[in-house]
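A.B. asks: Dropping a structure here in structure tokens format, bear with me for questions.
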């Protein structure tokens with residue numbers, strides 16, 4: 023796969039690309055207007071660039087989920103398509119945070135681009151605070167929900183939580199915190215752990231995540247546990263004390279983060295999908311700057327079976 027030091031897709035933050043059993047790649051991401059859920063499909067990664075953009079859901083004009091549609095992710099769970107996303111009732115900041123909660127929509131038709139989508143409502147974690155960036159994964163037959171949320175008793179914006187799922191839109195147990203901002207590189211600008219993504223390989227379950235403010239401080243961290251471990255036991259997880267990917271001044275790629283994983287030409291080839299900026303002179307709030315672009319690069323593995331992320335945008 024040819025890899026260039028340039029974005030794959032412009033102005034798409036929080037990119038999530040997955041390869042379905044039909045062989046096609048499906049992509050969702052935050053659009054700069056934060057007003058809809060957009061889906062695209064192609065038979066190749068490169069084909070996503072020019073693939074038709076299909077709006078499968080648009081926000082209502084008013085109500086609890088009528089503003090700031092963030093980080094939608096498409097998943098095929100238990101025979102149906104689901105998109106998990108975060109939305110707020112207003113753009114106002116309260117107690118230093120936006121007011122996002124997490125929601126789900128479902129399509130039971132075979133084709134998610136042409137099928138009917140239904141709004142399922144809020145995914146309730148039992149904690150009524152700012153939350154976002156949900157993803158799901160199945161391990162040993164159990165479906166899990168993984169997300170970022172604010173704990174009023176812990177300083178900062180958000181921590182990472184996991185819970186088992188009763189249905190693809192309902193939790194079966196209480197949230198378990200896996201990680202909180204604690205290292206310097208997780209606390210630059212804001213104290214943040216968010217954007218988790220799961221990679222199951224080499225006998226382990228890996229969780230990548232993003233930390234710090236969304237400017238050039240943004241960086242990616244890593245958690246991991248053995249594949250046969252109790253994933254609801256925080257003690258079974260290890261955490262890298264250093265970031266696994268961060269700003270690369272050499273290549274002019276700043277604030278890499280909010281990644282996902284997909285497969286390449288073979289199931290063994292893992293591709294890292296992430297967003298980053300190509301300049302640092304951001305005027306105003308970085309949130310409203312549209313120039314977070316989607317990048318992609320092949321992953322490597324160390325001899326002891328750990329993922330090697332390498333430098334931002336650099337094929338190694």
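In this note's numbering, the protein residues as written are 23 to 338.
Built from N, CA and C at the ideal position, the CB exists for glycine as well.
Nothing here was measured: the structure is a model prediction, and the numbers come from that model.
1. Measure the beta-carbon distance from residue 214 to residue 179 and round it to whole angstroms, keeping in mind my assumption that it falls under 8 Å.
2. For a minimum of 3 consecutive residues, which ranges assigned as the beta strand (DSSP E) are wholly contained in the segment 159-225?
3. Measure from the alpha carbon of residue 277 to the alpha carbon of each residue in 240, 263 and 289, then state which is nearest.
4. Taking the alpha carbon of residue 323 as the reference point, which residue from 221, 73 and 168 has its own alpha carbon closest?
5. If you count every other CB in all the chains shown that lies within 10 Å of the CB of residue 112, and 16 or more means buried, which is it?
6. Return helix, strand or coil for residue 130, following the three-state DSSP convention.
7. Once DSSP output is grouped into helix, strand and coil, what is the label at residue 352?
8. Hey, out of 160, 156, 172 and 135, whose CA is closest to residue 149's CA?
9. Suppose the cutoff is 8 Å on Cβ atoms and the five residues either side in sequence are ignored; what does the same chain contact list for residue 92 look like?
10. Hey, how far is the Cα of residue 29 from the Cα of residue 128?
11. Taking Cβ to Cβ, would you say residue 166 is nearer than 8 Å to residue 245?
12. Given 8 Å as the limit, is there contact between the segment 313-331 and the segment 77-87, that is, 3 or more CB pairs closer than that?
13. Using only CA atoms, which one of 34, 271, 69 and 262 lies nearest to residue 417?
C.D. replies: In this structure, then:
1. Confirmed, Cβ separation roughly 5 Å.
2. For the beta strand (DSSP E) assignment, the uninterrupted runs of no fewer than 3 residues enclosed by the segment 159-225 are, from N- to C-terminal side, 164-171, 181-189, 198-201 and 215-223.
3. When 240, 263 and 289 are compared, the shortest CA-CA separation from residue 277 is found for 240.
4. Ranking 221, 73 and 168 by Cα distance to residue 323 puts 221 first.
5. The residue in question, residue 112, is exposed, as its Cβ has fewer than 16 Cβ neighbours within 10 Å.
6. In this structure, residue 130 counts as coil in the three-state DSSP scheme.
7. In the structure displayed, the chain extends from 23 to 338; residue 352 sits before or after that span and is not available.
8. Residue 172 is the option with its Cα nearest to residue 149.
9. Excluding sequence neighbours, residue 92 sits near 36, 52, 56, 107, 108, 109, 122, 154 and 155.
10. Approximately 30 Å between the Cα atoms of the pair.
11. Not closer than 8 Å, so no.
12. Here the segment 313-331 does not lie against the segment 77-87, with fewer than 3 beta-carbon pairs under 8 Å apart.
13. Residue 417 lies beyond the range of the chain shown here (23 to 338); nothing can be said about it.
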